Every structure is written in structure tokens, then in C-alpha cells.
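Here this note's numbering is used: the first residue of the sequence shown is 988, the next is one more, and so on. We put the beta carbon where it would ideally sit given N, CA and C, even for glycine. It should be emphasised that the depicted structure is a prediction, and the values quoted were computed from it without experimental measurement. Take a look at the structure below.
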Amino acid sequence: MNNPYALANPISVFLNKPKEDFTREDLLKVIEKKNIERITFHYTALDGKLKELQIPLPAKSNAEIVLTEGERVDGSSLFKGMVDTGLSDLYIVPVWESAFLNPFIPGSLDFVCRYLTADGNLAPFTPDNVLLNAYDELKKKTGLELHTFGELEFYLFYKPEINLYIPPKQAAYHASSPFIKTSKVLAEMLKEITQIVGLVKYAHSEVGFIDIIDSSSEEINGRTGEQVEIELLSVPAPEAADSIVISKWLIRNIAAKYGMTATFTPKLEEGIAGNGMHIHTKLKKNGKNVMTDKNGNLSTEAKKLIGGLCDYADSLTAFGNTVASSYLRLVPNQEAPTQVCWSDSNRSAMIRVPLGWSKISNLASVVNRGHKSTPLEIDSMQTVELRTPDGSANSHLLMAGITCAVTHGFENKDSLAIAEKLYVKGNIHKDRSLTKDLLKLPSSCAESAKVMRMKRSLYEKNGIFPPSVIDYAINALEAENDKELQRHLSELSGKNRAIEVKRIMHKDLHKN
988 MNNPYALANP
998 ISVFLNKPKE
1008 DFTREDLLKV
1018 IEKKNIERIT
1028 FHYTALDGKL
1038 KELQIPLPAK
1048 SNAEIVLTEG
1058 ERVDGSSLFK
1068 GMVDTGLSDL
1078 YIVPVWESAF
1088 LNPFIPGSLD
1098 FVCRYLTADG
1108 NLAPFTPDNV
1118 LLNAYDELKK
1128 KTGLELHTFG
1138 ELEFYLFYKP
1148 EINLYIPPKQ
1158 AAYHASSPFI
1168 KTSKVLAEML
1178 KEITQIVGLV
1188 KYAHSEVGFI
1198 DIIDSSSEEI
1208 NGRTGEQVEI
1218 ELLSVPAPEA
1228 ADSIVISKWL
1238 IRNIAAKYGM
1248 TATFTPKLEE
1258 GIAGNGMHIH
1268 TKLKKNGKNV
1278 MTDKNGNLST
1288 EAKKLIGGLC
1298 DYADSLTAFG
1308 NTVASSYLRL
1318 VPNQEAPTQV
1328 CWSDSNRSAM
1338 IRVPLGWSKI
1348 SNLASVVNRG
1358 HKSTPLEIDS
1368 MQTVELRTPD
1378 GSANSHLLMA
1388 GITCAVTHGF
1398 ENKDSLAIAE
1408 KLYVKGNIHK
1418 DRSLTKDLLK
1428 LPSSCAESAK
1438 VMRMKRSLYE
1448 KNGIFPPSVI
1458 DYAINALEAE
1468 NDKELQRHLS
1478 ELSGKNRAIE
1488 VKRIMHKDLH
1498 KN
């Protein structure tokens, strides 16, 4: 393998093999040669956040047992309401290829784990296993694999510095230092995520900038906020969800190291860009992207995927937009969708088909005159981007829902007609004639819960989503108690409205 690149996976470099080929013996070698003191298991629960269990390694036998059999945890605490306290034990078992060296705790070899029940089967109600089942179901029925990745938008809040080089409001997109003060921190995040997760596309400053925020939350009050983005690259959907959770864990820890707060919360200020978590999707068969045909146009498979996503769009908000402030982000003219439609390279649409180098290649030859280079033989890079989800999303349940939607797109004979009907061209926020026949997305958690209650059978069919998981999602949405939110806000005076809006926006700084 011999990868000379600085950001290559350190364990892969040490073992001289790709992570997919890691064995127990390989990992024991890492433990012995790298002076590993402990194994740390990571796993997600219903709240979507990464959990951990630290296991000391006084002898080789301990390491062998833990790598082979895992450990047990209290499922009734991690999955309240789903696991009976009388039968609460679950096994957590490491995924060997997920191994990484913990950048925050020297001497720790870390793993992502899966949950197993007492009989040794994957626990059907845990979000990661729901996604695995959905992924396998799609592959079984269509022969296709769904690959996805997320765009992680978040704000970094820090104590105000001297007022030099302040970027204009809503104009910080791809800004550089000295106008942006978080470049060094972002670079460290990019390094750690790349070495641990593997596939990262890029990082950059985003549109949003908050000079001094006024908040009842002591964590961010009086601080300056810069919006940044880290965009991953496509991998199979189960791995993509793991990558998002690990990346958010790394981002939060590195921010804390520098005395900053990282928040993925959907909306922080009216008129200032919110945090989306757009999900890119593509279908592969026999290792090849099938999203375009031989002429570089969208394939039938891609259009069926789009039709499925459109059919599921309103109910997917139950997993992708889980707090009241989510629906203060989904408003016109903020590069956030409000209606069910799709378009090409159009940021006002719910689903966007971005530029994908589908009809051109070797662009370097255009700008590097006189230098001839052989065109690369690369697979199609075309994706389809779902722009509804935000930073409150439960990554595994959202990916599972998206996967169910794609399966539906191939089973539903009307999928191509749906895709054709819901295609728009132009800015839907400026040309209202484009939107008169389009279905509106939910405008509150209460509406999202209502839609999910009506459409739950779409997720429960084939046994993919257990009823208890759907019940949990509905109950969590209803607990936001935002049924009359828009009417309530419209009845408040200017100052009182501003106070209430900020209370709603800032109450969930670290959801999922």
C-alpha cells in the first residue's frame, strides 16, 4: 500500500493495508507497538450523540477478548422507553475497520461499535442498525448501493478580538484570514477528520457571520460567531452516518481545545444564514456511479431516486429537522427550501443536481496553457443533493429514511412521473408562478409529527423501522410544542418577538 501522503490514515500506514482489511491480529500489533493503554468504544444512542466506554488493557488476553466479544451496556439508559429495564443489557461490538488513534487521549485505540441483542443479532431498534437494514434492503431489491455524504455547517463562537478586518454581514462565503479568525482551528479539524474518517472533500468559511451575539445562553452570549463548513465525500450510507457523528465529535472537541463553542443548531439569528446539513446521494452498481447515462445526462436510476425523495420529503423532516428552530431556517430567500421540488444547480430548490463534471473533463488543460496532461479515467462524480436537513438531524435515522425513500423510488411505478412533475427551472422564491402547485414542507415540528404519523407505514414496511422508533421520533417532535409558533410570534411586539425568537433558537445548541 505504502501511502506517502501526510493525511493518510495512520493505522493504515503503520499496517501497510487499507482499513477494510484490518484483522484482530493487526489491531493487536497496533496495541503492542503503539503503547496503547486502553480501547475506547464509541456508539450512538437515541440522542444522536457519540457515547464512549474506556476499557484498560493490562494484558494481551484482555485486548483479545474485547476485540472479539465486545462489552455490554445498559440499553434501558441509552434507549429509554424501547428497552425494558428487566432485559436491558446489550452488547457493543467493535467494527475493526473503524479503528483510529484518539487525538485527545494519548494511548487510546478507538472504535465505532454496533449493538447486538442477547441472542447475538443486530439490535433492530438502534439507529445504526435501522440504517444497516435499510441499506441491505435497497441492495437486495435493486442491486444498487446507496452512497452518501453530508455537508456539515456550523458556527464557531469565540471571545471577541480587536475589531480589525470584520467581514460584511452575510458575505463571509469562502473568506480568508485576516477577515476570518478561525482558519487555524478549521485546518486542525480538517486534518483530524481526514485522518480518522478518511474521505473529506474540503473545508471553508460559510456565508454567516455574527459580530456580537446577544443570548440568554452563557455559552455564546457576547461572543463572535463565524460560520464554516466541512464537506465529506461519498461512502456507503451506513459509513456516511458514522462519519458525520465522528466528525461532529471531533469538531466539538477541537473547538473546546481552543476555548470556542461549535454549534450545529439550525438557526441563531434572523437574517443570518442558518446551519444546514445537506445530504448528497448517488447510486452505484458494481462499483460504478449510475447517476448519469452515456451522454452525461441524469439517468433513469437518478430520476427514480429523486422521485422517491420527493414522495418522502415532508416526512423526512421528522429525522432531519427535529427542533423548533429548524422551521425558522426553512424560510424563503435564505438558501433553504420551503416546498417539494428539484432543479439543476438551484439553491432555492429542495433537491439540487449540482455540477458533476458529467460532460467535461481535464479542465486543467484550459488554464494551464502549453502543458498537456493525460485525462484521468475517473468514475462519474454526479450526485443529487437533499437540502432540507439541518444540524439537528439524527444522522443514522435520517440516512435510513433517505434509503427507504430511494427504495420506494424504484418500487413506485409513478416515481418518474413525480420527478418530471416536480422539476422547476428558476428561483422559486422570486417567481411565485413556479410554486403554486408545489407541496409545502412542514412549517413546525408539530406539522412534521403529523405527517410522520400519517406516513409511518412507508418506513415500517419490510420491518425496517420498528414502530417504537417512529413513536420516539413523533413524541420528540411533539415535545417541542411549536404547533402555534408562527401565529404566536406574529402576535408579539418587536422587542418581545426578538426575545422569544432567540429563546427558541438558542435552547438547543447541541442537539444530536
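- In three-state DSSP terms, what is Phe1306? Residue 1306 sits at position 319 when you count from the first residue of the sequence shown. Helix at Phe1306.
- Query: Taking C-beta to C-beta, are Lys1254 and Met1492 nearer than 7 Å?
  - Reply: One-based indexing of the sequence shown puts residue 1254 at position 267. One-based indexing of the sequence shown puts residue 1492 at position 505. Yes; because the gap between Cβ atoms is below 7 Å, this pair is in contact.
- May I ask you to verify whether the region 1190-1200 touches the region 1210-1218, counting CB pairs closer than 8 Å and requiring at least 3? yes
- Cβ separation of Glu1140 and Met1264, assumed to be a contact under 8 Å, to the nearest whole Å: In the sequence shown, residue 1140 corresponds to position 153, counting from 1. In the sequence shown, residue 1264 corresponds to position 277, counting from 1. About 7 Å separates the two Cβ atoms, so the contact holds.
- Message: Using 8 Å as the cut-off, can you tell me whether the region 1153-1168 makes contact with the region 1102-1109, which would need three or more C-beta pairs spanning the two stretches below that distance?
- Response: no
- Glu1364 to Val1371, Cα distance in whole Å? Translated into the one-based positions of the sequence shown, residue 1364 becomes position 377. Translated into the one-based positions of the sequence shown, residue 1371 becomes position 384. Approximately 22 Å between the Cα atoms of the pair.
- Message: By alpha-carbon positions, which one of Pro1225, Gly1283, Lys1359 ends up nearest to Ala1099?
- Response: On the sequence shown, position 112 is the one that residue 1099 refers to. The sequence given here has Val at residue 1099, not Ala. Pro1225 is the residue among Pro1225, Gly1283, Lys1359 whose C-alpha sits nearest the C-alpha of Val1099.
- For Ser1192, the residue or residues it bridges with in DSSP: Residue mapping note: residue 1192 aligns to position 205 of the sequence shown, counting from 1. For Ser1192, which the question treats as bridged, DSSP gives the partners Val1215.
- Task: Determine the extent of the beta strand (DSSP E) in which Asp1366 is found, giving its start and end residues.
- Result: Within the sequence shown, numbered from 1, the residue matching residue 1366 stands at position 379. From DSSP, Asp1366 is part of no beta strand (DSSP E); its letter is neither H nor E.
- Message: Assuming Tyr1078 is part of the beta strand (DSSP E), what are its boundary residues?
- Response: By 1-based counting over the sequence shown, the position of residue 1078 is 91. It spans 1076-1081 - the beta strand (DSSP E) in which Tyr1078 sits, taken as one unbroken run.
- Message: Looking at the secondary structure, which residues open and close the beta strand (DSSP E) in which Val1184 lies?
- Response: Within the sequence shown, the letter at position 197 stands for residue 1184. Segment: none, Val1184 is in no beta strand (DSSP E) and carries neither H nor E.
- Task: Could you check the C-alpha separation between Lys1346 and Asn1273 for me, to the nearest Å?
- Result: Numbered from 1 along the sequence shown, position 359 holds the residue referred to as residue 1346. Numbered from 1 along the sequence shown, position 286 holds the residue referred to as residue 1273. So the two alpha carbons sit approximately 22 Å from each other.
- Compute the Euclidean distance between the alpha carbons of Leu1479 and Asn1462, then round it to the nearest angstrom. For this step, residue 1479 is matched to residue 492 along the sequence shown. For this step, residue 1462 is matched to residue 475 along the sequence shown. Distance between the alpha carbons of Leu1479 and Asn1462: 28 Å.
- Residue(s) in a DSSP beta bridge with Glu1132: Counting from one through the sequence shown, the residue named residue 1132 turns up at place 145. Partner(s): Lys1271.
- Task: Using the Cα positions of Glu1464 and Thr1309, report the straight-line distance between them to the nearest angstrom.
- Result: Mapped onto the sequence shown, residue 1464 falls at position 477. Mapped onto the sequence shown, residue 1309 falls at position 322. The question names Glu, but residue 1464 in the sequence shown is Leu. Each residue's Cα considered, the two are about 6 Å apart.
- Is Tyr1030 helix, strand or coil by DSSP? Position 43 of the sequence shown, counting from 1, holds the residue named residue 1030. Strand.
- Would you call Gln1041 buried or exposed, if buried means 16 or more other Cβ atoms sit within 10 Å of its Cβ? Residue mapping note: residue 1041 aligns to position 54 of the sequence shown, counting from 1. It is exposed - the Cβ of Gln1041 has fewer than 16 other Cβ atoms within 10 Å.
- Message: Taking the alpha-carbon of Gly1413 as reference, which of Ala1336, Leu1342, Asn1399, Glu1447 has the nearest alpha-carbon?
- Response: Walking along the sequence shown from the start, residue 1413 turns up at place 426. Here the closest residue by C-alpha is Ala1336.
- Beta carbon of Leu1037, beta carbon of Val1232: below 7 Å? Here residue 1037 is taken as the residue at index 50 of the sequence shown, counted from 1. Here residue 1232 is taken as the residue at index 245 of the sequence shown, counted from 1. Contact: yes.
- Burial state of Thr1361 (16 or more Cβ within 10 Å): Translated into the one-based positions of the sequence shown, residue 1361 becomes position 374. So Thr1361 ends up on the exposed side.
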